[in-house]
Structures are given as structure tokens and as C-alpha cells.
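Protein chains in written order, with this note's numbering: chain A, 2 to 219; chain X, 139 to 221.
Where is the CB? At the ideal position from N, CA and C, for every residue including glycine.
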């Protein structure tokens with residue numbers, strides 16, 4: 002397993018677990034409220050609809066309550082809960098896939114797709130500037146990137162990624178986990194995680210760029 | 139995973155290294171070459187900034203929580219468990 006400094010339960014975790022075991026409803030609701038949104042987001046990586054994702058989250062809390070007497074604090078409370086969640090969501094996703102036509106399963110993981118369309122660069126045999134931009138990117142204003150429309154583009158771009166890339170970008174960029182936490186929780190090497198993150202971010206960037214270019218032409 | 143960065147880094151190669159750069163995974167030499175290129179190349183400087191803003195946009199996505207009914211159901215389960 003990973004570095005114990007990163008994953009072991011904190012004093013705060015111990016306090017929360019003790020409160021839950023003592024039947025403290027406030028502590029339970031506070032935990033539910035703090036983890037709900039990220040749990041739904043992670044469940045949605047593996048299952049097809051919001052409704053099923055909600056069921057997975059409910060099932061996870063049931064698993065958490067069942068497992069609470071045996072929680073030993075070898076990992077953080079959050080990691081432990083997300084482990085249960087991922088198992089529930091994946092097995093639900095597998096069951097869904099069995100009843101889904103093969104073509105609906107989403108994109109397969111691509112191998113070496115370039116970060117940027119190669120036609121944006123000058124050819125390798127260009128006499129002066131081989132491999133340099135022929136159509137360079139432009140500056141983006143903050144308010145342009147963070148408006149509602151752009152965020153919807155980002156959301157849709159992430160939803161279209163292959164699962165392995167969606168897992169990594171969701172945990173790292175959307176939920177803000179550290180690379181150590183993500184590697185540990187998904188069983189990835191640092192290098193592998195970086196490759197998946199790079200592909201995911203590159204595609205989301207490309208979708209944003211496409212969205213802004215289309216906006217300019219309108 | 140870090141590949142050696144060619145002495146004369148072309149833009150088409152740089153875009154493949156942005157995540158390694160942002161993650162602090164380049165060797166000191168490669169990092170220096172990357173930074174030198176970005177310092178003199180407007181296109182790549184804009185590209186790195188676009189990637190940073192893409193990350194910022196992902197982190198700004200809002201998630202919805204569970205419905206009030208679902209939370210009430212969880213609380214009921216919790217009470218049952220504590221009996």
C-alpha cells in the first residue's frame with residue numbers, strides 16, 4: 002500500500018468514527034453532506050445515469066455503516082469510504098454493461114493520440130521552423146473560461162473520455178486529490194497516472210478551444 | 139516516464155511535455171529547456187496558460203449533492219443501525 006503518512010486515518014477521522022459508533026446523527030449528516038457531491042461524481046464515472054449513481058451512493062453508505070465496527074484506521078476515513086464506493090460503482094457498471102449493447106460502452110482507451118492536432122504545426126522538413134506552431138493558440142480570459150457555458154463544455158468533454166482517463170482527471174482536477182492519493186486509490190504508477198492525466202487534460206483543452214473558436218465565428 | 143527533451147525543443151514536442159512540466163516530473167535540465175522555450179515562444183506560452191486554465195475550469199465544476207429525500211432515507215438507515 003501507499004505511504005502511511007498520506008493514507009492513515011487522522012485524529013479527526015478517529016473523532017468522526019467514534020461519534021458515528023456512538024450514534025451521533027449530526028456527525029453522520031455532516032459526513033454525508035461533505036462527501037455526497039464527490040461521491041456522486043465518482044459513481045458517475047462508472048454508471049450510466051444520475052439515478053443509478055444515487056443508488057450507488059446509498060448502497061455505499063449502507064456498506065459504510067455495516068463496515069464501521071471493523072474500520073481500523075489503516076487508511077483515512079475518506080479513502081476507506083471511496084474504496085467501498087468504487088467497488089459498488091464498478092460492480093454496478095459491470096451489471097449495466099451486460100445489458101448494454103457493446104457499441105454503447107463508450108470510447109476505448111486510445112494509445113498515442115497527440116495532445117494537439119499535428120496539422121497545427123509546421124512540417125518536420127520545414128527549412129526554418131520544423132515542428133513549430135503554424136496555427137498557435139491564443140490567450141483566454143479568465144471570465145471566458147469560467148462562465149457557465151464553458152464549464153458545461155468541460156463537463157461534457159470529461160464525460161466523453163475513456164473511463165481510465167475520466168477516473169484520473171475527476172479525482173485530480175475536479176476533486177483536487179493529490180497524485181499520491183490518486184495513484185494509491187486507483188493502483189496506478191506515478192508515470193501511468195501522468196500519462197492518463199495528460200491525455201485527459203489535452204482533450205478537455207482542445208474542446209474548450211473548439212468552443213471558443215466557434216464562438217468567435219458566430 | 140520522463141523522456142529526454144531534445145536540445146532544440148520544437149513546439150510539437152513541448153505540448154507533449156506540459157503535464158510532466160506542471161507535475162514537476164521533468165529533470166532539472168529538461169525543465170530548464172522547457173522554460174527557455176516558453177520564455178521566447180508566444181504560442182507555447184499561450185498553450186501552457188490554456189492548460190492551466192483548463193485545470194482551473196475542471197476544479198470549478200460544481201457537483202450536486204443527494205436530494206433531501208435521499209438524505210432523509212440515509213438518516214433513517216443510520217438510526218436503524220444505531221439501535
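Using C-beta distances below 6 Å, list every residue in its chain close to residue i, excluding the 5 sequence neighbours before and after it, in chain order.
i, result
"residue 178 (chain A)", "172"
"residue 64 (chain A)", "85"
"residue 45 (chain A)", "54"
"residue 170 (chain X)", "none"
"residue 82 (chain A)", "65"
Are the Cβ atoms of residue i and residue j separated by less than 8 Å?
i, j, result
"residue 132 (chain A)", "residue 151 (chain X)", "yes"
"residue 208 (chain A)", "residue 142 (chain A)", "no"
"residue 99 (chain A)", "residue 47 (chain A)", "no"
"residue 10 (chain A)", "residue 74 (chain A)", "yes"
"residue 195 (chain A)", "residue 194 (chain X)", "no"
"residue 60 (chain A)", "residue 89 (chain A)", "yes"
"residue 33 (chain A)", "residue 212 (chain X)", "yes"
"residue 119 (chain A)", "residue 188 (chain X)", "no"
"residue 117 (chain A)", "residue 204 (chain X)", "no"
"residue 182 (chain X)", "residue 122 (chain A)", "no"
"residue 164 (chain X)", "residue 156 (chain A)", "no"
According to DSSP, is residue i part of a helix, a strand, or is it coil?
i, result
"residue 122 (chain A)", "strand"
"residue 2 (chain A)", "Residue placement at residue 2 (chain A) is flagged as unreliable, the pLDDT there being 40, under the threshold of 50; a coordinate-derived value is accordingly withheld."
"residue 81 (chain A)", "helix"
"residue 62 (chain A)", "helix"
Flag residue i as yes if its beta-carbon sits less than 8 Å from any beta-carbon of chain D, otherwise no.
i, result
"residue 139 (chain A)", "In the displayed structure, chain D is absent; the protein chains listed are A and X."
Within 10 Å of its beta-carbon, does residue i have 16 or more other beta-carbons around it, so buried, or fewer, so exposed?
i, result
"residue 166 (chain A)", "buried"
"residue 174 (chain X)", "exposed"
"residue 178 (chain X)", "exposed"
"residue 210 (chain A)", "buried"
"residue 13 (chain A)", "exposed"
"residue 62 (chain A)", "buried"
"residue 15 (chain A)", "exposed"
"residue 218 (chain X)", "exposed"
"residue 186 (chain A)", "buried"
"residue 204 (chain A)", "buried"
"residue 71 (chain A)", "exposed"
"residue 124 (chain A)", "exposed"
"residue 95 (chain A)", "exposed"
"residue 37 (chain A)", "buried"
"residue 4 (chain A)", "Its pLDDT being 44, under 50, residue 4 (chain A) is placed unreliably by the model, and the measurement read from it follows with that caveat. Counting Cβ neighbours within 10 Å, residue 4 (chain A) comes out exposed, since fewer than 16 surround it."
Excluding five sequence neighbours on each side, which residues of the same chain lie with their C-beta closer than 8 Å to the C-beta of residue i?
i, result
"residue 69 (chain A)", "18, 21 and 22"
"residue 175 (chain A)", "42 and 159"
"residue 127 (chain A)", "133"
"residue 152 (chain A)", "none"
"residue 189 (chain A)", "169, 183 and 197"
"residue 98 (chain X)", "Residue 98 (chain X) lies beyond the residue range present for chain X, which begins at 139 and ends at 221; the question has no answer from this structure."
"residue 146 (chain X)", "none"
"residue 172 (chain X)", "143, 147, 152, 155, 159 and 164"
"residue 26 (chain A)", "none"
Under 7 Å Cβ to Cβ from residue i, same chain only, skipping five residues before and after it: list those, please.
i, result
"residue 206 (chain X)", "none"
"residue 186 (chain X)", "156 and 176"
"residue 191 (chain A)", "180 and 184"
"residue 212 (chain A)", "151 and 154"
"residue 135 (chain A)", "121, 122 and 123"
task = Could you tell me which uninterrupted alpha helix (DSSP H) segments, each at least 4 residues in length, are contained entirely in the stretch 159-186 of chain A, listed from first to last along the chain?
result = 164-170
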